[in-house]
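Heads up: the sequence lines are chains A and B, in that order.
Under our numbering, the first residue of the first sequence is numbered 1, with each subsequent residue one higher.
Under our numbering, the first residue of the second sequence is numbered 1001, with each subsequent residue one higher.
Heads up, the beta-carbon is just placed ideally off N, CA and C, and yes, glycines get one too.
Remember, it's a predicted structure, so these values are computed and weren't measured experimentally.
There are 2 protein chains.
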Amino acid sequence: MSRHTIALESPTPERAVEILRKSILGSRTSIIVGRCIVKYRGRAESFLGEGDRVIILKPDGSLLVHKASKREPVNWNPPGSIHRVYLKEGKVIVESIRRRPRETIFIELSEVYFVGSFKLIDEECIMITGTEKDVVDIIFRSPEVIEKGFKPLYREMSTKYGKIDIFGVDEKGRAVVIEVKRRKADLSSVSQLLRYVESVRESTNSPVRGILVAPDCSASARLFLKSHNLEFRKVMFK
Amino acid sequence: MSRHTIALESPTPERAVEILRKSILGSRTSIIVGRCIVKYRGRAESFLGEGDRVIILKPDGSLLVHKASKREPVNWNPPGSIHRVYLKEGKVIVESIRRRPRETIFIELSEVYFVGSFKLIDEECIMITGTEKDVVDIIFRSPEVIEKGFKPLYREMSTKYGKIDIFGVDEKGRAVVIEVKRRKADLSSVSQLLRYVESVRESTNSPVRGILVAPDCSASARLFLKSHNLEFRKVMFK
DNA sequence: CGTGCCAGGTGCCCT
DNA sequence: AGGGCACTTGGCACG
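Pasting the structure below:
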């Protein structure tokens, strides 16, 4: 009979390795708390000197190394990586290898404070609202938030230089390219819009308007918009 | 005397709350494994139905909720958030509040499989090489990787529309704007370069060259470069 | 697969 | 605090 939870304080290295191997084989989520060094080599390269960290190995092949601060793991490997755990000179070693691109994490634990193995049952997936797609939906449902007479035609319309959030026509029949941002727009938002407008202009001689839609816009982005005769439409959602 | 590690399997809700409160007060890192629902409200909004997850509360105020898959937490709050743990109708509740922007996480645990509290000592910070800054360093040290006669002058040079990675002059004394990417360059990389070149051109009548430096470049990015008479220089580092 | 792009992006640095 | 941007960005959707 397989227990759903295994949790052990200050295990011997041998016992820790045993638990972790079973955990990996059994598609369980493993948690290690201990003192370790971490080496990474792949797209970049890193070294992390000795300190206490939380290490999580997920059954999908993700590996996380967390320090006591920050939202981000200090080291990691994404889903699909292969984990190996073994003993070397009396120390627990956790290795993670990702292929394409090849990336390796090497963790050497000088001390293991805790090791746990958990069978996590989770069929639910998160429901999010307030995303950019929701804003686009609003505009398609109520085009007047852009301006009177605006007709949205396509969403995610592909051009030579990227995909247009919303393509439509205004009251006077002019082409309108809309780039939507769910947060404050910045220089790169304007660059995007500019790329799409340029792309559409390459394929027509008719006038093409470009409108950046966002709850706010940085000062320099506004300047950049103006210098290219692009427009900004403030749209507060939520 | 305060123990550095507290780990408890299947604690009663009362005991779990007690341990977690002490953990938060004592600037320790807390780990909860249990069955829960998660509600989030802030920049966006989300709901996550009942399932088994790993919850981490860090002493800097970060909160992470991890599912059994993916590198990313399904819900979180960044450093600086305030955590509260209490009992409600016999269930353990974990709440996290961030101000500016106001964001709240509400976790209701129907079952706690494990709770742990750890004093993590960690003075080390990660050393990373192979970053963009390293590539810029290489170019300053060996400007000939760009081309014979190139002279880099400034890095991170501010313009109206953003900061130029490297500004310099070529053999013939023409201004050169360089945008560096440590990985394959895409449309947005070209847009950036274009913005900077445009910005420099606004302040001079002399010719201004723009060079995108990267290990590779997407096909459409290449087209976009060409259409604006910008150049691509392949630079493999590492 | 590569390409493009959003993300509750996060984190860093500078003004 | 706001701006600009890199990140081992991650993750997804689409051709």
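What first and last residue would you give for the alpha helix (DSSP H) that runs through residue i?
i, result
"residue 224 (chain A)", "219 to 227"
"residue 15 (chain A)", "13 to 25"
"residue 193 (chain A)", "187 to 202"
"residue 133 (chain A)", "132 to 141"
Could you pull out every residue in the same chain whose Cβ sits closer than 8 Å to the Cβ of residue i, ignoring the five residues on either side in sequence?
i, result
"residue 1150 (chain B)", "1143, 1144, 1168, 1169, 1170, 1171, 1176"
"residue 1 (chain A)", "Note on residue 1 (chain A): pLDDT 46, under 50, position unreliable in the model; the coordinate value appears next. Nothing listed; no residue qualifies."
"residue 1237 (chain B)", "1130, 1134, 1135, 1138, 1182, 1215"
"residue 1147 (chain B)", "1170, 1171, 1233"
"residue 87 (chain A)", "13, 14, 17, 93"
"residue 1113 (chain B)", "1009, 1010, 1033, 1034, 1035, 1052"
"residue 42 (chain A)", "98, 101, 102, 103, 104"
Beta strand (DSSP E) containing residue i: first to last residue?
i, result
"residue 1101 (chain B)", "Counting along the chain, residue 1101 (chain B) falls outside any beta strand (DSSP E), and DSSP gives it neither H nor E."
"residue 1184 (chain B)", "Note, residue 1184 (chain B): premise wrong, no beta strand (DSSP E); not H, not E."
"residue 1233 (chain B)", "1231 to 1234"
"residue 1036 (chain B)", "1029 to 1041"
"residue 9 (chain A)", "5 to 9"
"residue 284 (chain A)", "Here chain A comprises residues numbered 1 to 238, so residue 284 (chain A) is not present and cannot be evaluated."
"residue 75 (chain A)", "75 to 77"
"residue 215 (chain A)", "No beta strand (DSSP E) contains residue 215 (chain A), which DSSP labels as neither H nor E."
"residue 1175 (chain B)", "1175 to 1180"
"residue 152 (chain A)", "151 to 159"
"residue 1085 (chain B)", "1082 to 1088"
"residue 51 (chain A)", "45 to 57"
"residue 65 (chain A)", "63 to 66"
"residue 1128 (chain B)", "1127 to 1129"
Hey, how far is the Cα of residue i from the Cα of residue j?
i, j, result
"residue 127 (chain A)", "residue 1080 (chain B)", "25 Å"
"residue 1040 (chain B)", "residue 226 (chain A)", "37 Å"
"residue 195 (chain A)", "residue 67 (chain A)", "41 Å"
"residue 186 (chain A)", "residue 1155 (chain B)", "22 Å"
"residue 1192 (chain B)", "residue 1179 (chain B)", "8 Å"
"residue 1166 (chain B)", "residue 224 (chain A)", "21 Å"
"residue 34 (chain A)", "residue 1062 (chain B)", "19 Å"
"residue 111 (chain A)", "residue 1124 (chain B)", "16 Å"
"residue 212 (chain A)", "residue 1157 (chain B)", "27 Å"
"residue 44 (chain A)", "residue 1069 (chain B)", "24 Å"
"residue 75 (chain A)", "residue 29 (chain A)", "17 Å"
"residue 1071 (chain B)", "residue 1201 (chain B)", "43 Å"
"residue 78 (chain A)", "residue 1078 (chain B)", "21 Å"
"residue 132 (chain A)", "residue 209 (chain A)", "21 Å"
"residue 60 (chain A)", "residue 235 (chain A)", "40 Å"
Applying the 10 Å Cβ sphere with the 16-neighbour rule, what's the burial state of residue i?
i, result
"residue 118 (chain A)", "buried"
"residue 1004 (chain B)", "exposed"
"residue 101 (chain A)", "exposed"
"residue 1058 (chain B)", "buried"
"residue 1229 (chain B)", "exposed"
"residue 967 (chain B)", "Absent from the model: residue 967 (chain B). The displayed extent of chain B is 1001 to 1238, so no value can be given."
"residue 27 (chain A)", "exposed"
"residue 140 (chain A)", "exposed"
"residue 1121 (chain B)", "exposed"
"residue 189 (chain A)", "buried"
"residue 164 (chain A)", "buried"
"residue 89 (chain A)", "exposed"
"residue 1174 (chain B)", "exposed"
For residue i, which residues of its own chain have a beta-carbon under 6 Å away from its beta-carbon, when the five flanking residues on both sides are left out?
i, result
"residue 217 (chain A)", "185, 232"
"residue 1116 (chain B)", "1007, 1031"
"residue 56 (chain A)", "31, 64"
"residue 199 (chain A)", "159, 160, 161"
"residue 73 (chain A)", "64, 65, 66"
"residue 1106 (chain B)", "1039, 1095"
"residue 54 (chain A)", "33, 66"
"residue 1082 (chain B)", "1097"
"residue 1084 (chain B)", "1095"
Short of 7 Å in beta carbon distance, which residues of its chain neighbour residue i, apart from the five on each side in sequence? Order them along the chain.
i, result
"residue 47 (chain A)", "39"
"residue 1037 (chain B)", "1048, 1049, 1050, 1108"
"residue 1152 (chain B)", "1139, 1140, 1143, 1166, 1168"
Q. Pairing CB atoms from the region 1091 to 1103 of chain B with CB atoms from the region 10 to 26 of chain A, are three or more of them under 8 Å?
A. no
Q. Is it a yes or a no for the region 1020 to 1037 of chain B touching the region 201 to 208 of chain A, going by three-plus beta-carbon pairs under 8 Å?
A. no
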